[in-house]
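Position 155 of the sequence shown, counted from 1, bears residue number 155 in the UniProt record's numbering, the numbering being contiguous throughout. Glycine included, every Cβ here is placed at the ideal spot set by N, Cα and C.
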Amino acid sequence: MKAIDNRSGVPGTGGIWQRPDSLWEATAPPPPDLPVLKDSVEADLLVIGGGFTGLSAALHAAESGKRAVVLEASEIGRGASGRNNGQVIPTLTRPDPEDLVARFGPERGERFVALIRDSAETLFALIRRLGIDCAAEQTGWVQPVHSPGRIAIAERRAAQWGRRGAPVELLDRAAVSALLGTDAYHGGWMNRSGGHINPLALARGLAGKAVEAGASVFVNSPVLSVERRGDRWVARTPDGTVTAHALVLGTNGYAAAVFPEIRTEVVPVLSWQMATQPLDEAQRRSILPGRQAMSDTHGDLRFMRWTADHRLVSGGALLFPIDGADRLRRIVGLRLASMFPTLRGLRFDHVWNGRIAMTTDYTPRVHQLGPNAFTWAGCNGRGVALSVSLGRELACAALGRDPAELALPLTEPRPLPFNDLLQRIGPFKLLQYRWNDIQEI
Ligand SMILES: Cc1cc2nc3c(=O)[nH]c(=O)nc-3n(C[C@H](O)[C@H](O)[C@H](O)COP(=O)(O)OP(=O)(O)OC[C@H]3O[C@@H](n4cnc5c(N)ncnc54)[C@H](O)[C@@H]3O)c2cc1C
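Here it is, written out as structure tokens:
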């Protein structure tokens, strides 16, 4: 793997790293007080990126007695980890267990499927064990089906996950309508191990717990270059260096130009999130009364979850970002009101967005970058639970465990030619999703 360059300016400042006007920024507990790297530091494990992947890698390494150092370009959770919807979902977006087994083989495929199956429970168990204050609610995740033709999707998913011991159930129309409080759907399925969290609170909590376990976490310390010197990785920031035996790259859809091959095999796509005003008790009793997280079968996804302060957090996608917040206020407001008439005239107090790292086949990529160096990218919108589990596995592999024993479906990087062009035309995929959404496919 080629070493690193940085052609796109100093990462971590401005642009995609700007502080979003998110509900999570307004409600998460403050971050731990973390320093900027101003020195030369030695470590067993160098982690690049202070999101769920990097923080989980550092936490697990530190808990096993290793010296872990995290370098974050901006603030903790400033990437996707602090901007997402907070749904804890133990599945991928499109590929089902049997797709993964067909692709990665019975052994590696099933091991990866088991990691995904357990990922929500793993995350909630970690939050409970460490006492992380992040409004965690393990109330389940439900996927309602928006057209009769897509009932087969729910049947297939419930059957494949059920055979593998996941706590899932198939839901008929009446059951979904009782769960959601709307007749808009034709059935669905749910996984009881899912739920939701305040994602920025989780990221900050993980950072604090990693430090307590002995890791060093540096913020506003963008990695400008990484190179292999002898048997070590050496990362340079504006004011310091870290030298380490092992490396985990956790930059995902917010990757600066470090490791260009990894950055260019995913296409970052903008996803908008929005939080309503706090809703009244009657609305809380009639809409998603069991407080599950919900994302449906539309390609132009409908999703929502309750928050601790009684808001619904939903959102959507747009072809063009111009006036995005105002347009989405109208679009999503009407959409929610058509499903739940009591939501007519809804106000959205916060609207923000973030970059989801997409791959062309909706399957995450996991790679070995070189000796003792691993990464993954391409969550396709399902990375809250997954990144915490994968972060742990990547740290184990980097620190010397045989990757063949781990749940890592390793492949060779395949950078996408014309990635910049794909980023520009990526949003137009929404037209295809919308067309498919009105077909029975
Ligand atoms: C709007 C949105 C909604 C989503 N909703 C959900 C959801 O509800 N459920 C779900 O399961 N998934 C969801 N996801 C996906 C999920 O948020 C991500 O998969 C997950 O947060 C990825 O975590 P990460 O640590 O791998 O990457 P990130 O959280 O993106 O972290 C990468 C970090 O690397 C840092 N970095 C980059 N370059 C450098 C450098 N050179 N030096 C140092 N640091 C660097 C960045 O600053 C950033 O903090 C959503 C994503 C978005 C954007």
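- Cα atoms of residue 387 and residue 379: separation of roughly 8 Å, rounded to the nearest angstrom.
- Not one heavy atom of ligand 1 is found less than 7 Å from the C-beta of residue 198.
- Uninterrupted beta strand (DSSP E) stretches at least 3 residues long and entirely within the segment 119-179 occur at 141-144 and 168-171, given in chain order.
- From the listed residues 34, 436 and 47, the smallest Cα separation to residue 235 is found for 47.
- Per DSSP, residue 212 lies in no beta strand (DSSP E); the unbroken alpha helix (DSSP H) holding it starts and ends at 199-212.
- Burial is judged here by how many other beta carbons sit within 10 angstroms of a residue's own beta carbon; residue 254 has at least 16 and is buried.
- Between the beta-carbon of residue 311 and that of residue 277 there is about 7 Å, and that keeps the pair under the 8 Å contact cut.
- Nearest to residue 56 by C-alpha distance, out of 194, 432, 211 and 368, is 211.
- When the Cα atoms are used, residue 19 and residue 273 turn out to be separated by approximately 14 Å.
- DSSP places residue 428 within a helical segment (H, G or I) once states are collapsed to three.
- The beta carbon of residue 89 sits closer than 7 Å to at least one heavy atom of ligand 1.
- Leaving aside the five residues that flank residue 190 on each side, the residues in its chain whose CB is nearer than 8 Å to its CB run, in chain order, 140, 141, 142, 143, 168, 169, 171, 179 and 292.
- Within the same chain, Cβ atoms closer than 7 Å to the Cβ of residue 397 are found at 374, 403, 406 and 408, the five residues on either side in sequence being excluded.
- Within the segment 62-125, the alpha helix (DSSP H) runs of at least 4 residues that lie entirely inside it are, in chain order, 97-104.
- Secondary structure of residue 284 (DSSP, three-state): helix.
- Taking 7 Å as the cut-off, one finds no heavy atom of ligand 1 near enough to the beta carbon of residue 392.
- Judged by DSSP in its simplified three-state form, residue 229 adopts strand.
- In the three-state reduction of the DSSP assignment, residue 52 falls in the helix class.
- At a threshold of 7 Å, residue 191 does not count as near ligand 1, since its beta carbon sits no closer than that to any of the ligand's heavy atoms.
- DSSP places residue 24 in the uninterrupted alpha helix (DSSP H) bounded by 23-27.
- For the pair residue 219 and residue 75, the CB atoms are nearer than the 8 Å cut-off.
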